[in-house]
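Quick mapping for you: the protein sequence lines, in order, are chains D and Z.
Using UniProt numbering, you'd call the opening residue of the first sequence number 1 and step up by one each time.
Using UniProt numbering, you'd call the opening residue of the second sequence number 1 and step up by one each time.
Notes follow the structure.
Protein chains: 2
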Amino acid sequence: MEKDISTEEKIKKAARKVFQEKGYGQARTRDIADEAGINLALLNYYFRSKEKLFDIIMEESMQQMFGLIVGVVNDESIELSRKIDLIVNRYVDSLLENPNLPLFVLSEIQANPKKLMERVGISENLIKNNYFYKQMSDQMNKKDLKGIDPLQIFINIVSMTVFPIVGKPLLISIHSPMTEDDYANFINDRRKLVPQWIRMMLKIDK
Amino acid sequence: MEKDISTEEKIKKAARKVFQEKGYGQARTRDIADEAGINLALLNYYFRSKEKLFDIIMEESMQQMFGLIVGVVNDESIELSRKIDLIVNRYVDSLLENPNLPLFVLSEIQANPKKLMERVGISENLIKNNYFYKQMSDQMNKKDLKGIDPLQIFINIVSMTVFPIVGKPLLISIHSPMTEDDYANFINDRRKLVPQWIRMMLKIDK
DNA sequence: GTCTATAGACTGATAGAC
DNA sequence: GTCTATCAGTCTATAGAC
């Protein structure tokens with residue numbers, strides 16, 4: 001099934017896993033080499049150093065985190081209410097596949113702000129100058145919600161979608177008799193609930 | 001002002017800072033010793049090892065994260081609507097003082113689940129068997145919201161409060177011309193907004 | 001391209017003087 | 001209790017054979 005991938009891709013795949021699980025500091029190049037089924041020296045042959053390899057993985061991870069919504073957000077053909085559904089569901093899908101991603105990105109930015117902050121600038125003005133932002137503004141002007149920054153609503157979408165997945169271990173251990181199935185149901189319920197709540201905040205009739 | 005604190009407390013204070021900033025893996029015992037203004041050997045004299053010191057800091061950090069609400073949540077004298085205000089505002093206060101706390105706890109649990117999961121068990125059943133949960137259930141039964149698990153609402157409170165603070169670097173760099181003052185205003189606006197939204201979800205008239 | 005062997009640097013921890 | 005000096009182990013990175 002994964003027989004023909006190049007060694008370079010094998011290493012990147014292993015690096016993605018180990019870095020996202022343990023973070024840069026606790027990740028060992030030996031772990032990555034073992035996970036990839038290759039020798040440690042080969043890792044330095046393809047990528048000059050642990051740091052260079054990490055930079056590549058982090059670049060990818062950040063693009064994955066933001067790129068996901070950029071497409072939907074600026075699509076002018078999608079009506080506001082449906083767009084909310086799409087954003088939430090796409091994020092949930094992506095996060096369930098890759099649940100370690102957001103915590104990895106956030107905590108590495110925190111551990112090394114100077115180095116990583118500038119890269120986020122790639123998606124600069126992602127929010128202020130997009131069509132979704134405009135759609136929300138229009139709706140909020142109509143419905144007498146002019147005092148509220150549309151960014152507040154956008155952050156609510158991201159918060160209510162990302163946090164329950166980032167905080168999975170907490171959720172499970174606090175709410176004691178919660179099985180994996182319970183958790184899956186809990187998250188899946190939010191696919192419908194979060195868009196409903198967002199529509200309430202925006203006073204979308206539907 | 002902080003002249004008379006014991007050496008042990010000085011080390012703990014420094015450890016709290018360094019661990020929460022860099023995480024266990026990237027934190028160096030030398031960094032902690034320097035930050036505390038003492039020698040490296042002294043750190044091992046007071047605490048047997050880096051790991052023991054970390055365990056103490058993590059124990060404290062977790063208690064700080066949960067302990068904060070436990071008191072309010074089980075107070076039967078506080079009415080539901082006001083309790084929501086209290087929880088949000090206490091959390092915002094605490095997180096602004098200690099913004100690295102949640103990301104630290106969450107990412108260390110992820111990096112080392114086996115070791116840290118059991119400790120959360122201290123606050124087991126924090127949610128299911130508390131009075132706040134009962135208050136929400138009652139309200140939701142009255143208002144024809146029986147299909148929704150009150151835990152969903154509780155998670156919304158935590159998500160909408162914690163995430164914007166955890167994601168500060170992202171928020172600032174994505175929404176490009178955002179100063180520190182802008183950010184402070186943004187968070188302070190949420191002190192009123194989040195409770196309003198939660199009341200909407202619970203159909204609390206007020 | 002891929003391996004083994006090892007260098008070189010860093011880190012946590014301790015011994016021992018004061 | 002606090003320090004200096006140092007050890008032992010671990011980790012990244014490279015040299016060199018195939």
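Even for Gly, the Cβ is constructed at its ideal location relative to N, Cα and C.
Partner residues on chain Z for residue i, Cβ-Cβ distance less than 8 Å
i, result
"D/A14", "Here the premise fails: no neighbours, minimum Cβ distance about 17 Å."
"D/Q110", "E21, N100, L103 and P169"
"D/P164", "I155 and S159"
"D/M201", "W197 and M200"
"D/Y24", "G25 and Q26"
Cross-chain neighbours of residue i in chain Z, by beta carbon under 7 Å
i, result
"D/L145", "Ordered by position in chain Z, no residue passes the 7 Å Cβ test against D/L145, which lies about 11 Å from the chain."
"D/R30", "The contacting residues do not exist; D/R30 stays about 15 Å from chain Z at best."
Collapsed DSSP secondary structure at residue i in the structure displayed
i, result
"Z/N39", "coil"
"D/A14", "helix"
"Z/A27", "coil"
"D/D93", "helix"
"Z/E76", "coil"
"D/R191", "helix"
"Z/L101", "helix"
"D/L116", "helix"
"D/N130", "coil"
"D/L145", "coil"
"D/M1", "Here the model assigns D/M1 a pLDDT of 45, short of 50, so the residue's position is not dependable and the matter cannot be decided."
"D/F186", "helix"
"Z/I32", "helix"
"Z/D85", "helix"
"Z/I204", "coil"
"Z/S6", "coil"
Residue range of the unbroken alpha helix (DSSP H) whose run includes residue i
i, result
"Z/T179", "From DSSP, Z/T179 is part of no alpha helix (DSSP H); its letter is neither H nor E."
"Z/F54", "K50 to V73"
"D/I153", "P150 to V166"
Beta-carbon proximity of residue i to residue j, cut-off 8 Å
i, j, result
"Z/V105", "Z/M62", "yes"
"residue 208 of chain Z", "Z/I84", "Residue 208 of chain Z is absent from the structure shown; chain Z starts at 1 and stops at 206."
"Z/N100", "D/Q110", "yes"
"Z/L68", "Z/I78", "no"
"D/V92", "D/I187", "yes"
"D/V73", "D/N141", "no"
"Z/G23", "D/G23", "yes"
"Z/R190", "Z/P164", "yes"
"Z/I38", "Z/I56", "no"
"D/S81", "D/K203", "no"
"Z/L116", "Z/M65", "no"
"Z/Q26", "D/G25", "yes"
Chain-ordered neighbours of residue i on chain D, where CB pairs are closer than 7 Å
i, result
"Z/F54", "The contacting residues do not exist; Z/F54 stays about 12 Å from chain D at best."
8 Å Cβ cut-off: residues of chain D touching residue i
i, result
"Z/R190", "Q152"
"Z/L95", "The contacting residues do not exist; Z/L95 stays about 13 Å from chain D at best."
"Z/L193", "I148 and Q152"
"Z/M117", "P169 and S173"
Within chain Z, partners of residue i - CB distance below 9 Å
i, result
"D/G71", "Residues of chain Z passing the Cβ test: none, with the nearest at roughly 16 Å."
"D/S81", "Going along chain Z, no residue has its Cβ under 9 Å from D/S81, so there is no contact; the nearest lies around 17 Å."
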